[in-house]
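Here the structure is laid out as structure tokens; the discussion comes afterwards.
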Amino acid sequence: MTAEDILDQSIEQAKSSLQSQELLNQAKDVVIANERIEKNGAAAWPPLPGVLPQITLLGGVLMNKANGALSVMDEHKYAGHIVSVYPNPLQIAGRFALSALTTKGVKAAVVYSGKNKYDVKCGWLLAFADTKHAGKKIYAECGPKEKFNKIDWAHVERKLNSAGTVAKAYDVATGTSLYARIVGSDDGTAGTSAAGAVFHG
């Protein structure tokens with residue numbers, strides 16, 4: 001099975017997760033709870049009596065084809081709220097989800113660390129966004145673990161903002177790679193997107 005086939009599989013699983021009514025309800029609850037916190041308890045919900053705000057939901061599936069389990073080394077949230085945390089450790093596959101007000105969107109990044117087939121410590125960075133302003137974006141980096149010890153998150157955001165819907169990163173020195181894609185939902189549901197990524201090493 002090629003990396004593209006595995007990536008297709010992860011995207012399909014992510015799309016499938018977006019059909020879960022339980023996930024949709026959790027996403028709404030998380031947004032409402034966190035927006036109340038951000039507004040210091042102001043009675044801003046719902047914006048009009050009986051009207052719920054529009055939310056953006058991003059569901060993701062990560063596939064690990066590296067040499068052993070990967071661990072979350074770092075993460076950063078530019079916009080949105082965590083509904084389901086990143087799998088940690090990432091054994092073979094795992095899901096995550098973020099949600100936000102559609103007006104704000106979702107934008108975040110996660111860094112995993114682990115060993116490649118040569119037993120060298122490596123890192124993989126995945127950043128993604130679904131915002132009204134920038135649209136759907138995904139960005140990837142990989143290489144020796146030291147590269148990710150001190151991350152310039154503003155630099156990562158600039159790279160993400162200029163990225164597309166497909167990301168392919170490869171590091172010659174470590175033999176690591178990261179393939180990723182972000183798409184809208186099949187049923188055309190506004191405000192939902194699916195992200196998939198395959199970690200190799």
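Quick note on numbering: our numbering labels position 179 of the sequence shown as 179, and the sequence is numbered without any gaps. Cβ coordinates follow ideal geometry from the N, Cα and C atoms, glycine included.
C-alpha distance - Asn40 paired with Cys122, whole-angstrom precision: Interpretation of Asn40 is limited by its pLDDT of 40, a score under 50 that renders its predicted location unreliable; the figure taken from the coordinates is listed afterwards. Answer to the nearest angstrom: the Cα atoms are 41 Å apart.
Just verifying my parser: in three-state terms, what is the DSSP assignment at Leu160? helix
Could you check how far apart the C-beta atoms of Ile55 and Leu101 are, in whole angstroms? I think they sit under 8 Å. 6 Å
For Lys147, which option in Ala173, Ala79, Leu7 has the closest C-alpha, if you only look at C-alpha atoms? Ala173
Going by Cα to Cα distance, which pick from Arg95, Lys137, Thr2, Gly68 is closest to Val61? Arg95
Let's test the definition: count the other Cβ atoms within 10 Å of the Cβ of Ser177 and tell me whether it reaches 16, buried, or not, exposed. buried
Less than 6 Å between C-beta atoms, sequence neighbours within five positions excluded: which residues of the same chain meet that for Lys159? Tyr139
Where Ser236 and Leu57 are concerned, what is the direct C-alpha to C-alpha distance, given to the nearest angstrom? The first residue shown for the chain is 1 and the last is 201, placing residue 236 beyond what the model contains.
Residues near Met63 in its chain [Cβ-Cβ closer than 6 Å; skip 5 each side]: Ile6, Ser10, Ala93, Val198
Find the nearest neighbour of Ala167 within the set Ser71, Ala127, Ala108, judged by alpha-carbon distance. Ala127
Just confirm the distance between the C-beta atoms of Ile182 and Lys137, as a whole number of angstroms; I'd bet it's less than 8 Å. 7 Å
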